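To convert, note that position 16 of the sequence shown is 16 in the numbering used here; the numbers rise steadily by one, no gaps.
Working notes, structure below.
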Amino acid sequence: MKKLKYYLVMLIFMKQNSKRKKIFFKKELNKILSFYGMRVASGDWKDYAIDRDKDKSSFSI
Numbered sequence: 001m002k003k004l005k006y007y008l009v010m011l012i013f014m015k016q017n018s019k020r021k022k023i024f025f026k027k028e029l030n031k032i033l034s035f036y037g038m039r040v041a042s043g044d045w046k047d048y049a050i051d052r053d054k055d056k057s058s059f060s061i
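Right, here's the structure in full:
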């Protein structure tokens with residue numbers, strides 16, 4: 001029987017200037033999605049979520 005693997009990953013980005021929107025920069029998001037794509041290809045991950053509120057942005061798997 002194949003051993004099941006469970007992952008919970010949350011990447012959080014916070015900016016120090018509170019007047020700016022808390023978002024991922026293109027370069028950061030490209031790195032995150034590249035890594036995510038490798039894990040999808042290996043069959044480990046299947047879904048993700050991107051969330052944003054006033055203090056942070058997060059990429060959750």
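Glycine included, every Cβ here is placed at the ideal spot set by N, Cα and C.
On a predicted model such as this, the values are computed, not experimentally measured, just so you know.
As the crow flies, the alpha-carbon of methionine 38 is around 16 angstroms from that of glutamate 28. Contact between serine 60 and aspartate 51 holds, with the beta-carbon distance rounding to 7 angstroms and staying under 8 angstroms. Around the beta carbon of serine 42, a 10 Å sphere encloses fewer than 16 other beta carbons of the protein chains shown; the residue is thus reported as exposed.
Under DSSP, aspartate 51 shares a beta bridge with Ser58.
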